[in-house]
Structures are given as C-alpha cells and as structure tokens.
Amino acid sequence: MYDYLAKIILLGPSSAGKSCLLHRFVNSSWRILSSQTIGVEFATKIVKVGDGNRRKRIKLQLWDTAGTERFRSVSRSYYRGAAGAILVYDITSRDSFAQLGTFLNDARALASPHLTLLLAGNKADLADPVDSDAESDDEIDETGSLSPPYGHTPSSYDSRRFDSIASRGTIPRGGNGSRATFAPDGRQVSATQATQWATSQTIPLAVEVSAFNGDGVNELFNRLARMILAKIELGEIDPDDPLSGIQYGDSLSWAVDDGGSSIKSGMDGPRRRRKRAGTGQWASGLREWEEVFRLDGPRRRGCC
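Reading the sequence shown from the start, the letters are residues 0 to 303 in numbering that gives the first Met the number 0.
Pasting the structure below:
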C-alpha cells in the first residue's frame, strides 16, 4: 500500500550510468548493464517519508530514458506528465556535462517549466582514481589528489571501449580489460562547477553519487520524494488536479508490478491505463522549497 504515486524521469547522455543508478536504487546492488537503453525502461519503488503519524509512503515510478540521440525521439514522448526529474551526468566526462542543457530544455518544454529537478553527478567513485599498478611519479593535481595515468573503476558500461565485459557480478578494481568505465583523467567536472550550473538553471540541488558503491543514491531519491511530499502538504500540489503530476495511492496509471520494487522495459507490450475521474495527464509542481533541499550534517567526501 502507498499514499501517493509520482512519476519520475531519469535524463542524461548515454553512458552517464542512468540504468546502473536505477538498478542500484531499486535492487541495492551493482550490476554492469551491457546494453544501451532503447526507448525507455521503468521501475517502481516505495519510499517512506516522514516520522510517526506524518509518515507517508510514496511510490516512485521511475522512467529510465535513452540518452543516445537516435532513440531520443522515442524517449522524449515519456517526459510528459512527470512530477520530477533527475538529470544524470558522468563526472569524468566534460562532454557528458556539456550535453545536460539539451535534456533540460527538452524536459521543460515537454513537461512543465516548474518541473521538480535534481542534478546528479554519477561515478563519484572515480573522483580520485587510484591505480594499484601506478608508478611513483604519478602526477598530483591542483587539489593535492593523486591522478595516475590510468585511474579507472566500474560505474557504468561503455560498449565503445570494452566489448568483452561480462554483464554479471561486481568487477574487481584491479586488472586490465575488466573495467566498465575507463577514466584516464579522473574527475573532469568539479562539484563547484555542477552546483554553479544548477543554480543558473534554477535546479535546487546538485549532488554526486556512485552507482558502483551506492554512495548517495538512496538519499538522492529519498530527497526527491521529500520535496514532492512537502509540496503536497503545503498545498502547492493537489493530487486531484490532473496537472499535478501526482496521483493518490488507489490510482495507478501505468502497468507495473505492484510490489515494493520492480524493473520492466517500456517496450515489453502495450501500456494499460486505469484512471481516477478527472486524471489523465502528468505535470510537475510549483516553486521549490529551500528548507526541503538543504543538506543536513557534514558533507561526505566526494559528494556535494
């Protein structure tokens, strides 16, 4: 059982690790996903928000969209009616970060200019790469971090570089040819750069996460759920409003497994729709609430 249903979309360029991030959140495990998302895949997971009598159960319906240009025309059709979105980029790729604007513009054009957005830099495990075979003359960057010439650990699959990676289990940190992501330069996008860009785009929160080791992943999705619930309780979102992007728990608009969590492909078959009276569209909420977005406690190393 759950109190509210919210549609969330994961956006970002190919190889940013969106599918791995989704798998980590839903299954609490790492897995190399050896094929690119075609169209869209979706998953569900119920998260608990609040304490005591105020605790609510929110079912997040998570849509993993294709980042590859040739599949974007298909995936964009799923943007409409999302209550929230997570923009995902690869912190080891400047090009990945540079492409975010296109995905952001598409989301806001096809959904709502007030779509609730978070920015997530994936592959935080690569921020300070360490190679066990590195020589003693490895360079030290301006932050004092060790930057060996071949720092790389798995965070998402890159079929352009490693065609022989088996899609099973956890990949060891040592050895050659068994890496899922190759990052010779380590971090290419700083947390400060990401935060500044997010602020300029009125995105209330920018964090760094790792699909590989799970750092920050649960907090990312739980924070989004808290943001949505806060808007409902403050009256900014009315679930009875067909433009709210939220539905009550007794109304499910997409055919998904009703367990605590599941992952299915959006190409598996025709969608089934069962609507409450007056509902039929998804949209996002209104202004952001700063208190909800504030990070509490000391910031962890590698995350912002």
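For glycine and all other residues, C-beta sits at the position ideal for the given N, C-alpha and C.
I need the DSSP call for residue i, collapsed to helix, strand or coil.
i: T115; result: strand
i: N212; result: coil
i: V188; result: coil
i: D267; result: At D267, the pLDDT of 44 sits below 50, so the modelled position is not reliable; the number obtained from the coordinates is stated separately. Here D267 sits in coil by DSSP.
i: R79; result: coil
i: E232; result: helix
i: I202; result: coil
i: A193; result: helix
i: A15; result: coil
i: A84; result: strand
Taking 8 Å as the threshold (C-beta atoms), are residue j and residue i in contact?
i: V206; j: A119; result: yes
i: L21; j: A42; result: yes
i: I90; j: R186; result: yes
i: P203; j: Y88; result: no
i: V208; j: A123; result: yes
i: L114; j: L86; result: no
i: L117; j: L219; result: yes
Exposed or buried, what is residue i when buried is set at 16 or more other beta-carbons lying within 10 Å of its beta-carbon?
i: P269; result: Because the pLDDT at P269 is just 38, under 50, the model does not fix this residue reliably, and the value given afterwards should be weighed accordingly. So P269 ends up on the exposed side.
i: P233; result: It is Leu, not Pro, that sits at residue 233 in the sequence shown. Its Cβ having fewer than 16 others within 10 Å, L233 is exposed.
i: R53; result: exposed
i: P183; result: exposed
i: S18; result: buried
i: Q195; result: exposed
i: A84; result: buried
i: A108; result: exposed
i: A97; result: exposed
i: D50; result: exposed
i: T64; result: buried
i: S27; result: exposed
i: S95; result: buried
Measuring straight from C-alpha to C-alpha, what distance separates residue i and residue j?
i: L61; j: Y78; result: 11 Å
i: I231; j: A82; result: 12 Å
i: Q246; j: R56; result: 12 Å
i: K58; j: R93; result: 34 Å
i: A15; j: D240; result: 34 Å
i: A210; j: G244; result: 27 Å
i: L125; j: P238; result: 40 Å
i: D214; j: L228; result: 23 Å
i: Y3; j: I31; result: 31 Å
i: M0; j: D127; result: 42 Å
i: T201; j: V46; result: 26 Å
i: K6; j: T191; result: 29 Å
i: G80; j: I8; result: 10 Å
i: S199; j: R225; result: 23 Å
i: A282; j: A110; result: Reliability fails at A282, whose pLDDT of 37 lies under 50, so the model's placement of it is uncertain and no value is given.
i: S76; j: A106; result: 10 Å
i: N121; j: V25; result: 16 Å
i: A197; j: G248; result: 32 Å
i: T101; j: L223; result: 22 Å
Provide the residue(s) that pair with residue i in DSSP beta bridges, ordered along the chain.
i: D89; result: N121
i: W62; result: I8 and F41
i: V25; result: BP columns for V25 are empty, so no partner.
i: R54; result: Partner(s): none; R54 has no beta bridge.
i: Q246; result: L4
Can you confirm whether residue i, when its beta carbon is compared against all beta carbons of chain D, has any partner nearer than 8 Å?
i: P203; result: In the structure shown, chain D does not exist; there is a single protein chain.
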